[in-house]
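Peer 1: Quick mapping for you: the protein sequence lines, in order, are chains X and Y.
Numbers in this note's numbering are just positions in the first sequence, counted from 1, shifted up by 121.
Numbers in this note's numbering are just positions in the second sequence, counted from 1, shifted up by 1263.
Heads up, the beta-carbon is just placed ideally off N, CA and C, and yes, glycines get one too.
Supplied in structure tokens, the structure appears directly below.
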Amino acid sequence: MSGMLEGRVAVVTGAGRGIGRAVALALAEAGAKVVVNDYGVDVHGQAPTSGPAFDVVQEIQARGGTAVANTDSVAAWSGSERIIRTALDQFGRIDILVTCAGILRDRMIFNMSEEEFDAVIAVHLKGTFCCIRHAAPLMREQRYGRIVTFTSGAGLFGNPGQSNYGAAKSGIGGLTKVVARDLGKYGVTCNAIAPVAATRMTLTEEFLRAREIRRQQGIIREERALARLEELKPEDVAPMVVFLASDHAANVNGQFFLCAGGSISLLSQPRPIKTIFKPDGRWTLDELDRLVPVTLAEGLVNPAPPRQDSASSNERAGNA
Amino acid sequence: MGQRLRGKVAVVTGAGRGVGRGIALLLAEEGAAVVVNDAGVNVDGSGGESTPAQLVVEEIRSRGGQAVANYDNVADFRAAERIIDTAVREFGRIDILVNNAGILRDRMVFNLSEEDWDAVIAVHLKGTFNCTRHAAVRMRQQRSGRIISMSSTSGLYGNTGQANYGAAKDGIAGLTRVVARELGKYGITVNAIAPAAQTRMIATIPAKAREVRAQRGVALPGQRISELPPLRAEPEDVAPFVVYLATDAAHNINGQIFLVRGGVVALLNDPAPIRTITKDGRWTPEEIAQLFPHTLGMDLVNPAPPQPAGESKPS
């Protein structure tokens, strides 16, 4: 045991499998007492079972750590309140909140149902908010806290077929930045991880099929991490979360980190890269017609240029 | 009156006032037939009246333009379909969708109620999804279209007291990036604007908070907005660039986010790794802790550093 988190109390949502499980195990190994939350549903959010959360608790206990299970859904206001309360009731406080819980309902936007959009927004975005909202007053009161959320390249870079998931994950990014500023002065930090790892959410049949097509077309390009997705383990993401949850990261706040295998990157924050400016006010369309092509739009690449053929309507580059 | 959008049909949500009104007027001035959608609610989403949309329609018609009013709520999936259907029924098609409708319910995150969260997410994020979803079907069939959604610097930069609004607006940015990649091949472009203008929504932010934000803008690295000259920024200033994105000239601008404020138009960068540490195999937390300060964490500034207890209470 490294002891980096000795005496700390952590809540990890979606901790029954994949990245959440790896985070819970790593936090426990670093000395934290852990509330292992998992609603125990399948990738689409169906068929809850209590098994996964209890399995991880047993695994932690078998290694000499301290953990309790919770099987509430993060998407419910009262459920998330119980999750946070479990930390208080069992361990007396909450120092660390890691929000991993999530589901997938991939579909191109012109076919996406209202229900598919709502379900994904509810679990990821509202679930993350609900847990933060219930932890925030406690962390503010004790003037200490570490919140680590999960965003995704799906929203940051834009994955076809994932308008619900991309919106939710980018929304979590915005939430993270605001919460960092709302709570920073109380000694609380809030950062986001964009993970790339092989889990049941990412290593899907659809992903493997789409990747194979892209390989055949020779368009794997910047997706090197995805080309070797199988080698990227959920356990590889956990050490950075432990670091962000520790005292060493007391002043790391409002940042995004991309974690893929042994690679950890700081992501850029949005900022203007090209600017046109008219000192005396409003632009006219004539002026924009002349100026934009040689300034703002110069060198811009359309990520999906118009096609003449009626290409396949349901492709998707994986990456969760 | 310009001719750039002659024969085109546009839907502008939240077009009864502020930025949306300015966009609807300029679209019409360029020859587009416009569905002026506005549920006529207060800034917090309460109430509802038909007057704002109707006034803008009359304004467009008095200048010789074509417009009809619609009062449906974008947050409702079926109502959003009616908004898009209005364009098709009245004018035969839909070429341009501007997702502009929005409300505000500012509160620090530790005081934010479930209802204030839900209301803001519903109008901004789900409302943008709803209209985009219904327009996408038609635009894909006709193999052309322009979708322009309103994001915000609130989410992009992180404005204190706006967890709901910031999440919704960054969610719209993510939605924009995904949908751009889904619809691009059908000749459709999807872009977002982060507008800044003096509207009734901005006017609800206390002067003190605005002052703090301005100071914070100066303090943060990478937030060069503070270097831009201080300007008067009127709602109408946002319209020209939105309308430009709706024209044929902008056919290849897709998946981008632009900041518009007064006479400033800026292209924002896409998120990208700026510093990386790599190891064959898994890092340990201790290794990261040792390396971080002079690698990834170099020059990082805490946007809200811890303060001693007893500071003044926030709103």
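1) Would you mind reading off the limits of the alpha helix (DSSP H) that contains Y/I1366?
2) Considering only C-alpha positions, which residue in the set Y/V1320, Y/V1304 and Y/I1384 is nearest to Y/V1297?
3) Return the first residue and the last residue of the alpha helix (DSSP H) that Y/Y1352 is part of.
4) Taking only beta-carbon atoms, is Y/M1371 less than 8 Å away from chain X?
5) If the criterion is Cβ atoms closer than 8 Å, does the pair Y/T1391 and Y/I1357 meet it?
6) Helix, strand or coil for X/R142 per DSSP?
7) State the Cα-Cα distance for the pair Y/D1348 and Y/G1450, rounded to the nearest angstrom.
8) Using a C-beta to C-beta distance shorter than 8 Å, which residues of chain Y count as neighbours of X/A425?
9) DSSP three-state label for Y/Q1405, please.
10) Are X/T320 and X/I140 close, meaning C-beta to C-beta below 8 Å?
11) Since Y/N1336 is in the alpha helix (DSSP H), which residue starts that stretch and which ends it?
12) Check whether the region 310-326 of chain X touches the region 1543-1557 of chain Y, counting contact only when three or more Cβ pairs, one atom from each stretch, lie closer than 8 Å.
13) Residues in the same chain with beta-carbon distance under 8 Å from X/E408, minus the five sequence neighbours each way, listed in chain order, please.
14) Measure from the alpha carbon of Y/I1384 to the alpha carbon of each residue in Y/C1394, Y/R1345, Y/I1366 and Y/V1272, then state which is nearest.
15) Under 7 Å: does the beta carbon of X/A240 sit that close to some heavy atom of the ligand FAD?
16) Residues of chain X with CB closer than 7 Å to the CB of Y/N1532, please, in chain order.
17) According to DSSP, is X/A196 helix, strand or coil?
18) Going along chain Y in order, which residues have a C-beta closer than 9 Å to the C-beta of X/N280?
19) Kindly indicate which residue of X/N280, X/V358, X/A149 and X/L417 has the alpha-carbon position closest to the one of X/V90.
20) Taking DSSP as the reference, what is the three-state secondary structure of Y/M1413?
21) Does any CB atom of chain A fall closer than 8 Å to the CB of Y/E1322?
22) In chain order, what are the residue ranges of uninterrupted alpha helix (DSSP H) at least 4 long that sit wholly in the region 268-338 of chain X?
23) Tell me which residues of the region 349-363 of chain X have at least one Cβ-Cβ distance to chain Y shorter than 7 Å, keeping chain order.
24) Between which two residues does the beta strand (DSSP E) containing X/I394 stretch?
25) At a Cβ threshold of 8 Å, is Y/D1379 touching chain X?
26) Are at least three pairs of beta-carbons, each pair with one atom in the region 1530-1542 of chain Y and one in the region 351-359 of chain X, less than 8 Å apart?
27) Exposed or buried, which one is X/T192 when buried takes at least 16 other CB atoms within 10 Å?
28) Helix, strand or coil for Y/V1244 per DSSP?
29) What beta strand (DSSP E) runs, 3 residues minimum, are completely inside the region 179-256 of chain X?
30) X/E202 touches chain Y at which residues, Cβ-Cβ below 7 Å?
31) Would you please verify whether the beta carbon of X/G295 is less than 8 Å from any beta carbon of chain Y?
32) In chain Y, which residues lie with their C-beta within 9 Å of the C-beta of X/R403?
33) By a C-beta neighbour count over all protein chains shown, 10 Å radius and 16 as the cutoff for buried, is X/D227 buried or exposed?
34) Taking the straight line between their C-alpha atoms, what separation do you get for X/A370 and X/Y307?
35) Going by DSSP, name the residue or residues bridged to X/V130.
36) For the beta strand (DSSP E) containing X/F378, list its first residue and its last residue.
Peer 2: On the basis of the supplied data:
1) No alpha helix (DSSP H) contains Y/I1366, which DSSP labels as neither H nor E.
2) Y/V1320
3) The identity of residue 1352 of chain Y in the sequence shown is Arg, whereas the question assumes Tyr. Run containing Y/R1352: F1340 to F1354, per the alpha helix (DSSP H) assignment.
4) yes
5) no
6) helix
7) 21 Å
8) A1443, R1444, E1445, L1446, G1447, K1448, N1517 and G1518
9) helix
10) In this structure, X/T320 lies near X/I140, with their beta-carbon atoms less than 8 Å apart.
11) No alpha helix (DSSP H) holds Y/N1336; DSSP gives it neither H nor E.
12) no
13) K399
14) Y/I1366
15) With respect to the ligand FAD, the structure shown offers nothing to examine, as it has no ligands at all.
16) The CB of Y/N1532 comes closer than 7 Å to the CB of S389, P391, R392 and I394 in chain X, given here in chain order.
17) coil
18) Going along chain Y in sequence order, the residues near X/N280 (Cβ under 9 Å) are R1440, V1441 and R1444.
19) Since the first residue shown for chain X is 122 and the last is 441, residue 90 of chain X is missing from the structure and cannot be characterised.
20) strand
21) In summary, chain A is missing from the structure at hand, where the protein chains are X and Y.
22) 284-304 and 326-337
23) E356, D357, P360, M361 and V363
24) P393 to F398
25) no
26) The region 1530-1542 of chain Y makes no contact with the region 351-359 of chain X; the number of CB pairs closer than 8 Å stays below 3.
27) With 16 or more other CB atoms across the displayed protein chains lying within 10 angstroms of its CB, X/T192 is buried.
28) Nothing can be reported for residue 1244 of chain Y, as the shown portion of chain Y is limited to 1264 through 1578.
29) 188-191 and 217-220
30) What X/E202 touches in chain Y: nothing, since even the nearest Cβ is about 10 Å away.
31) yes
32) The contacting residues are E1497, E1499, D1500, A1502, P1503, G1525 and G1526.
33) By the Cβ neighbour-count rule, X/D227 is buried, with 16 or more other Cβ atoms within 10 Å of its own.
34) Those two C-alpha atoms are separated by around 15 Å.
35) X/K154
36) F377 to A381
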